[in-house]
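So the structure is just underneath, and the comments pick up after that.
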Amino acid sequence: MIVVVGAGIAGLSLAYEICRRSATVTVLESDTIASGASGVATSYLEPRLGNTAMRAIEREAMLRWPNYAEHLENISGLSVGFRREGQLEIALQDDLKKFHKDLKARAEQNEPFELLTPQSAQKLEPEISGNIASAAFLPNVRWVTGKKICQALAMAVENAGGQIKQGVAVTALEQTGGRVVLSTNDGSIIDVEKLVLCTGMGAATISGLPADIPQSRAVRGVNLIVDQSPLTSPLTHLIKHHRGNLCPRENSQLIVGTTYEAGETSLDPGPEIVEFLYQNAAPIVPKIRDLPLLKVTAGLRSKVGDGNLRLGRSAIAPQIYYSLSHGGAGFLRAPVIADELAEFVLDGKLGTLTRHHTHN
Ligand SMILES: Cc1cc2nc3c(=O)[nH]c(=O)nc-3n(C[C@H](O)[C@H](O)[C@H](O)COP(=O)(O)OP(=O)(O)OC[C@H]3O[C@@H](n4cnc5c(N)ncnc54)[C@H](O)[C@@H]3O)c2cc1C
C-alpha cells in the first residue's frame with residue numbers, strides 16, 4: 000500500500016495521479032481536507048518570469064490547467080471556480096518604475112499584455128480609483144478556488160478506489176525490513192510499502208523521520224474576505240498592485256490579500272494586519288472599507304532552505320518520498336508536479352520538467 004500524508008493540494012493531486020495509474024493509495028489527514036494552506040490560498044495561476052527550470056514547470060502547468068479543471072469538474076460533479084477573465088495590473092504614481100520594468104520583462108518573455116490608460120482600466124473595472132497612474136491587462140492569468148479543487152480531487156481519489164482518512168495524524172514512523180511502520184493518533188499501526196510526505200508545515204510533528212527529510216519554515220499569508228455585492232460594479236478581474244491583490248470569487252466574495260510574513264506562525268492575525276491589508280487596497284478600490292468583512296483567513300506557506308520546491312526520496316529510507324516547499328505556488332504547479340511525482344514514486348522515473356527539483 001502507498002500512503003500519502005496530508006490532504007492539501009500536494010497530497011490530493013498526487014494521490015489522484017497514483018489512483019489513475021491503478022495503484023492503491025490511502026491519504027491520511029490529521030484534520031480535514033484542505034485544512035492547511037490549501038484551504039485559504041488565493042489560488043491564482045500565473046507563471047513567474049525568468050529562464051529557470053521552475054518557469055518551465057509553471058508554463059506547462061498553465062497549459063494543462065483548463066483541461067485539468069474541466070476533468071476534475073466532470074469526474075467530481077463539483078465546480079472548482081476556474082476563472083479566465085485575466086488580470087489587471089495596476090500602478091499608482093510611486094509604483095510606475097517597477098510597473099514598467101515588470102512589463103518590459105514580460106515583453107522579453109513573450110508574455111502577452113495590453114497597456115491601458117487609467118480611463119480604459121476604469122471601463123473594465125468601474126470601482127477602481129480615478130487616481131491610478133497606469134494599468135495593464137494580462138489576458139492569460141487564471142484562478143481557481145483552492146478549497147474546491149481539493150474537494151474535487153478528494154472525490155476523484157475516492158471514485159478511483161483510493162481512501163481518504165480525515166482526523167488521522169501520523170505521529171511516528173519506524174523503518175523495519177525494507178518497510179515503514181506508521182503510528183497514528185488513533186492508536187493504529189500501519190505497515191506501508193511506500194510513504195509520501197505532503198505535510199506542508201507538518202513534518203516536524205512526526206517522530207522518527209530520517210534525517211534527510213527537509214525541514215520547512217513558515218511564511219504566513221493573511222487575506223480578508225469581503226462581500227462585494229454592495230458595489231454597483233463588482234470586480235470581475237483579478238487585480239494586482241504593488242502592495243497586494245484583489246481576487247473575485249463565487250457568491251459575491253472578494254479576497255483582499257495578502258501578507259508575506261516570514262517566521263510568523265499564528266493563525267490568528269491581529270487587527271494591525273487587517274488594517275495593513277485595508278490600507279494597501281484602499282488606494283486601488285476606494286470603497287473597500289465600506290464592504291462587509293466576512294472573514295479573516297490565515298495560512299502558512301511552507302518553504303525549505305532557499306525556498307525552492309523540494310521533491311524527492313530519502314537516501315536513508317528509500318521507501319519514504321516527499322513533496323514539500325510548495326511556497327506560494329502549490330496550486331499553479333500541481334498538474335505537472337503530481338503527474339511527474341506519481342511516475343517517480345511508482346516507477347522511479349525522474350520527471351522531464353521536475354528532475355532539477357527532485358532529490359534522488
Ligand atoms: C494566503 C495565501 C495565498 C496563497 N495564494 C496562492 C496562489 O495564489 N496560488 C498558488 O498556487 N498558491 C498559493 N498559495 C500557496 C498554496 O496555498 C500552497 O503552496 C499549497 O497550499 C501547499 O499545499 P500543501 O499540500 O503542500 O500544504 P497544506 O495545504 O498545508 O497541506 C498539508 C496537509 O498536511 C496535513 N498534515 C500535516 N502533518 C500531518 C501529519 N503528521 N499527519 C497527517 N496529516 C498531516 C495538514 O493538516 C494539511 O492538511 C497561497 C498560500 C497562502 C497562505
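Numbering follows numbering that gives the first Met the number 0, with no gaps: position 61 of the sequence shown is 60.
Idealized CB from N, CA, C, for every residue including glycine.
Predicted, not measured: the structure shown is a model, and the values here were computed from it.
- By the neighbour-count criterion, in which 16 or more other beta carbons inside 10 Å mark a residue as buried, R332 falls on the buried side.
- Taking one beta carbon from each stretch, the stretch 220 to 231 and the stretch 287 to 299 have 3 or more pairs nearer than 8 Å; the two touch.
- Positions of the beta strand (DSSP E) runs, each at least 3 residues long and wholly inside the stretch 213 to 284, are given as 216 to 226, 237 to 240, 243 to 247 and 252 to 256 in order along the chain.
- Rounded to whole angstroms, the separation of the alpha carbons of H356 and G35 is 23 Å.
- At a threshold of 6 Å, S133 does not count as near ligand 1, since its beta carbon sits no closer than that to any of the ligand's heavy atoms.
- In the three-state reduction of the DSSP assignment, A68 falls in the helix class, which pools H, G and I.
- For S12, same chain residues with a beta-carbon under 8 Å away, outside a window of 5 residues either side, are L152, A333, P334, I336 and A337 in chain order.
- In its chain, beyond the 5 residues on either side, T258, P268, I272 and A297 have a beta carbon closer than 6 Å to the beta carbon of V221.
- Counting of Cβ neighbours within 10 angstroms places E192 among the exposed residues, the total staying below 16.
- Residue environment analysis places S29 among the buried positions, since at least 16 neighbouring C-beta atoms fall within 10 angstroms of its C-beta.
- Around the beta-carbon of I238, 16 or more other beta-carbon atoms lie within 10 Å, marking it buried.
- The residue from G304, E57, T235 and C197 with its alpha-carbon nearest to that of I1 is C197.
- Contact between the stretch 158 to 167 and the stretch 117 to 125 is absent: fewer than 3 CB-CB pairs across the two stretches fall below 8 Å.
- If you draw a 10 Å sphere on the C-beta of A202, you find 16 or more other C-beta atoms in it, and that means buried.
- The three-state reading of DSSP puts V26 in strand, counting E and B together.
- When secondary structure is reduced to three states using DSSP, Q150 falls in the helix class.
- Within the same chain, and ignoring the five residues on either side of G304 in sequence, the residues whose Cβ sits closer than 8 Å to its Cβ are P213 and S324.
- Bounds of any alpha helix (DSSP H) do not take in D190; it lies within the beta strand (DSSP E) bounded by I188 to V191.
- Contact between K302 and R216 is confirmed by a C-beta separation of about 6 Å, below the 8 Å threshold.
- For the set G199, L266, V140 and P125, the Cα lying nearest the Cα of R58 is the one of V140.
- As computed with DSSP, E113 is found in a beta bridge with F136.
- Relative to the non-hydrogen atoms of ligand 1, the Cβ of D30 comes within a distance shorter than 6 Å of at least one.
- Cα atoms of R105 and F112: separation of roughly 8 Å, rounded to the nearest angstrom.
- Distances from the CB of V169 to the heavy atoms of ligand 1 include at least one below 6 Å.
- Counting every other CB atom within 10 Å of its CB across the protein chains shown gives E173 a total below 16, marking it as exposed.
- Within the same chain, M0, I1, G160 and G161 come within 8 Å of T23 by CB-CB distance, once the 5 residues on both sides are set aside.
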